[in-house]
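Student: Quick note: the sequence shown uses our numbering, first residue 332, plus one each step.
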Amino acid sequence: MSRRATTTSLRRRSHATEHFPRLRVRGSVRNLLLVLGDQLSARAAPLRNLDAARDAVLMLEVAGESRHVPSHKQRTTLFLSAMRHFALDLVKRGLRVHYVALDDPSNTHSLDTELRRAVDELRPQTMHVVHPGEWRIMLMLERWRRDLPIPTAVHDDDHFLLPPAEFAAWAAGRRQLVLEHFYRMMRRRCGILLQEDGEPEGGRWNYDADNRRPYRNGPTPSPPVRFEPDAVTREVIHLVCERLPELPGRLDHFSWPVARRDALRALRDFVTHRLPNFGPYQDAMVAGQPFLFHSLLSPALNLKLLDPREVIDSALAAWRNGRAPLQSVEGFVRQVLGWREFIRGIYWHAGPEYAGMNGLQQHGRLPEFYWTGDTDARCLKLCLEQVLQHGYGHHIQRLMVTGNLALIAGVHPRQISNWYLGMYVDAVDWVTLPNTLGMVMHADGGLVGTKPYAAGGRYIDKMSDYCRGCAYDPTQRTGPRACPFTTLYWDFLARNQRRLARNPRMSLALQSLRRLPQAELDAIRAAACATRERMGVGPIDGGS
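See below:
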């Protein structure tokens with residue numbers, strides 16, 4: 332076979348940018364491996380098994396993937412820049428890459444159509460795909476297997492520590508799928524933070540009770556390492572602004588790792604500078620501190636630039652070397668080994684119909700200010716402006732501020748789930764959907780969360796400094812200065828009292844509700860209706 336037939340063509344595009352070459356495959360192709368934007372692991376088995384001379388990689392930039400839910404400009408930039416860096420690394424390794432860029436004149440901007448077009452052009456003997464990260468693409472893949480004129484092989488995603496089939500085996504016969512039980516099983520399975528007798532290090536399985544401190548004169552956090560956009564990323568930023576100007580969010584603060592070398596540096600930076608204080612302050616919220624002691628590794632993990640085991644091992648090494656306390660390391664391990672694997676297992680175990688669940692029967696609209704940050708509730712304004720600026724918010728900001736409001740205001744769960752999927756740089760459907768429907772909206776009947784994580788303004792005041800200088804008073808349920816969170820929280824309890832009465836974890840909250848006089852309950856209901864109307868939520872009961 333000629334050299335031309337075994338290499339990727341590196342011709343420059345004359346009509347566009349100059350730092351990312353036009354990658355085209357010449358010659359025959361035996362195996363064609365589709366690499367999706369969240370599958371950027373050079374250690375994936377299907378990629379390692381490719382023959383450089385006879386096989387090829389296919390990568391597709393399509394605008395439809397940024398538009399099926401409106402994607403934050405930083406999220407789109409991150410995905411596309413990481414894909415381009417990954418493709419260039421593959422070429423350096425000698426692999427052939429067929430890459431359809433966003434500005435390719437022939438690009439139809441449909442993942443389905445571009446895949447079929449590439450198969451027609453390259454005529455491979457077999458199509459290969461790694462198990463995708465969302466049901467939408469999995470169902471598309473099933474159509475490919477049925478319709479394409481060649482076999483399509485689907486490979487397990489070996490990035491994760493527990494395959495979906497093994498999660499299903501663990502879940503079989505259980506009345507309830509409880510994170511704590513799953514987490515302990517994973518600790519034992521992987522031999523993590525265990526003594527020789529199989530008991531947990533430190534004598535406790537988790538340190539959640541110690542890891543809920545508000546930030547009151549705490550240690551000064553070290554700012555995370557920044558990655559200034561290189562020439563390839565600057566090219567992508569230009570393309571996103573030019574080709575997808577309607578997307579939400581801002582790009583002036585883009586500094587996410589887009590290549591594995593950057594992701595490894597980000598991991599070292601977190602373990603060295605922020606992991607020691609991560610545990611105690613992981614639930615804290617502070618104005619002007621969007622990152623505090625959080626890792627910011629979820630985008631790199633979810634694109635698979637980092638491997639979960641190497642991330643866990645780095646944290647464990649810091650503990651063994653005396654550079655991070657057990658409570659912080661265990662809290663971080665719990666997020667990666669426990670929650671991340673648990674949520675992925677739930678997503679595939681529950682099936683595609685999970686996306687339609689709406690257990691509390693809420694049908695309101697997501698307020699427009701989620702896209703603009705234009706609200707006078709200070710906690711919301713700070714969290715939403717942070718998302719618009721960085722495409723990021725840590726888990727308590729998502730659960731107890733932006734998500735909490737959607738829950739207690741009666742927003743339809745799919746509306747807020749689509750917002751999370753589009754607006755956060757680390758969002759992939761397998762992690763976003765069960766986190767939102769299960770934890771945020773309690774829409775799945777308690778499959779993920781054992782209770783609704785609803786709270787009034789007092790909780791936000793306790794865990795943050797957001798209420799200082801706000802137009803609203805978190806202690807007031809009604810009146811001109813009543814906090815919307817407080818008003819809507821009590822209305823949420825009243826609206827769902829019969830449903831929640833069956834949940835023992837809600838008994839204290841419902842006892843407090845029953846102590847309120849009927850006149851105050853009526854005033855709360857009227858105030859909640861006015862608040863929803865002012866926010867543009869509209870009817871929440873499914874009516875017009």
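We put the CB at the ideal spot given by N, CA and C, even for glycine.
Give the secondary structure of residue 781 by DSSP, where H, G and I count as helix, E and B as strand, and everything else as coil.
Tutor: Residue state, collapsed to three classes: coil.
Student: Which residue's Cα is closest to the Cα of residue 754: 778, 724 and 745?
Tutor: For residue 754, the nearest C-alpha among the options comes from 724.
Student: Looking only at its chain, what residues have a beta carbon closer than 6 Å to the beta carbon of residue 410, apart from the 5 residues adjacent to it on each side?
Tutor: So the list reads 368, once near-sequence residues are dropped.
Student: Throw me the rounded Cβ distance for the residue 740 and residue 863 pair, which I believe falls under 8 Å.
Tutor: Right, their Cβ atoms sit about 6 Å apart.
Student: Taking 8 Å as the threshold, find out whether the stretch 838-849 comes into contact with the stretch 819-828 through three or more Cβ pairs.
Tutor: The stretch 838-849 vs the stretch 819-828: in contact.
Student: What are the boundary residues of the beta strand (DSSP E) that includes residue 362?
Tutor: Here the beta strand (DSSP E) through residue 362 covers 362-365.
Student: So what's residue 854 in DSSP terms, helix, strand or just coil?
Tutor: In the structure shown, residue 854 sits in a helix (DSSP, three-state: H, G or I).
Student: Could you check what DSSP says for residue 830 in three-state terms: helix, strand or coil?
Tutor: Helix.
Student: For residue 804, does the three-state DSSP call read helix, strand or coil?
Tutor: Of the three classes helix, strand and coil, the one that applies to residue 804 here is strand, per DSSP.
Student: Candidates 457, 634 and 392: which alpha carbon is nearest residue 433's?
Tutor: Closest by alpha carbon: 392.
Student: Just to confirm the assignment, what range does the beta strand (DSSP E) spanning residue 389 have?
Tutor: Element bounds for residue 389: 387-391.
Student: Would you say the stretch 562-574 touches the stretch 405-424, given that touching needs at least three Cβ pairs under 8 Å?
Tutor: Judged by Cβ distances under 8 Å, the stretch 562-574 makes contact with the stretch 405-424, as three or more pairs qualify.
Student: Could you check the C-alpha separation between residue 693 and residue 712 for me, to the nearest Å?
Tutor: So the alpha carbons of these two residues sit roughly 24 Å apart.
Student: Please report whether the beta-carbon of residue 467 lies at a distance below 8 Å from any beta-carbon of chain C.
Tutor: Although the question refers to chain C, the structure presented lacks it and comprises just one protein chain.
Student: Could you tell me how far apart the beta carbons of residue 806 and residue 855 are, in whole angstroms, since I believe they sit closer than 8 Å?
Tutor: So it is not a contact: roughly 14 Å between Cβ atoms.
Student: Between the stretch 417-435 and the stretch 373-383, can you find at least three pairs of beta-carbon atoms closer than 8 Å?
Tutor: Touching, per the Cβ criterion.
Student: Rounded to whole angstroms, what is the Cα-Cα separation between residue 629 and residue 757?
Tutor: Straight-line Cα distance between these residues: approximately 6 Å.
Student: Quick test of your reading: residue 733 and residue 715, contact by CB under 8 Å. State the CB separation rounded to the nearest angstrom.
Tutor: The pair is a contact, with the Cβ atoms about 7 Å apart (cut-off 8 Å).
Student: With which residues is residue 795 paired in a DSSP beta bridge?
Tutor: BP columns for residue 795 point to 616.
Student: Just to confirm, is the Cβ distance from residue 702 to residue 579 under 8 Å?
Tutor: Yes.
Student: With a Cβ-Cβ cutoff of 8 Å, do residue 607 and residue 656 count as a contact?
Tutor: Against a cut-off of 8 Å, the Cβ pair of residue 656 and residue 607 comes out as a contact.
Student: Leaving out five residues before and five after residue 875 in sequence, what residues of the same chain have Cβ atoms less than 6 Å from its Cβ?
Tutor: In this predicted model, residue 875 has a pLDDT of only 40, less than 50, meaning its place in the structure is not dependable; the value taken from the coordinates is given anyway. Excluding residues within five positions, none has a Cβ falling inside 6 Å.
Student: Decide if residue 772 is buried, meaning its Cβ has at least 16 other Cβ atoms within 10 Å, or exposed.
Tutor: So residue 772 counts as buried.
Student: Got a sec, what are the start and stop residues for the beta strand (DSSP E) residue 458 sits in?
Tutor: Segment 457-461, the beta strand (DSSP E) holding residue 458.
Student: Cutting at 7 Å between CB atoms, please list the residues of its own chain near residue 779, excluding the five before and the five after it.
Tutor: Closer than 7 Å at Cβ, skipping near neighbours: 677, 765, 769 and 770.
Student: On the three-pair Cβ rule with 8 Å, is the stretch 612-621 touching the stretch 542-557?
Tutor: Segments in contact, yes.
Student: In terms of alpha-carbon separation, which member of 453, 708 and 633 lies closest to residue 804?
Tutor: With distances taken between Cα atoms, residue 804 lies closest to 708.
Student: Does DSSP put residue 546 in a helix, a strand or coil?
Tutor: In the structure shown, residue 546 sits in coil (DSSP, three-state: anything other than H, G, I, E or B).
Student: What are the residues that DSSP puts in a beta bridge with residue 483?
Tutor: DSSP output for residue 483 lists 458 as bridge partner(s).
Student: I'd like to know if the stretch 594-605 and the stretch 474-485 are in contact, where contact means that at least 3 CB-CB pairs between them fall below 8 Å.
Tutor: Counting Cβ pairs under 8 Å, fewer than three are found: no touch.
Student: Note the first and the last residue of the continuous beta strand (DSSP E) segment covering residue 429.
Tutor: Run containing residue 429: 428-431, per the beta strand (DSSP E) assignment.
Student: From the DSSP output, in three-state form, read off residue 764 for me.
Tutor: Residue 764 falls in the helix class under three-state DSSP.
Student: From the DSSP output, in three-state form, read off residue 859 for me.
Tutor: DSSP places residue 859 in helix when its eight states are reduced to three.
Student: Looking at the structure shown, is residue 534 part of a helix, part of a strand, or coil, going by DSSP?
Tutor: Residue state, collapsed to three classes: helix.
Student: Which of helix, strand or coil does DSSP assign to residue 667?
Tutor: Looking at residue 667 - three-state DSSP - the assignment turns out to be helix.
Student: Let me know the secondary structure DSSP gives residue 788 once reduced to three states.
Tutor: The answer is helix: DSSP assigns residue 788 an H, G or I state.
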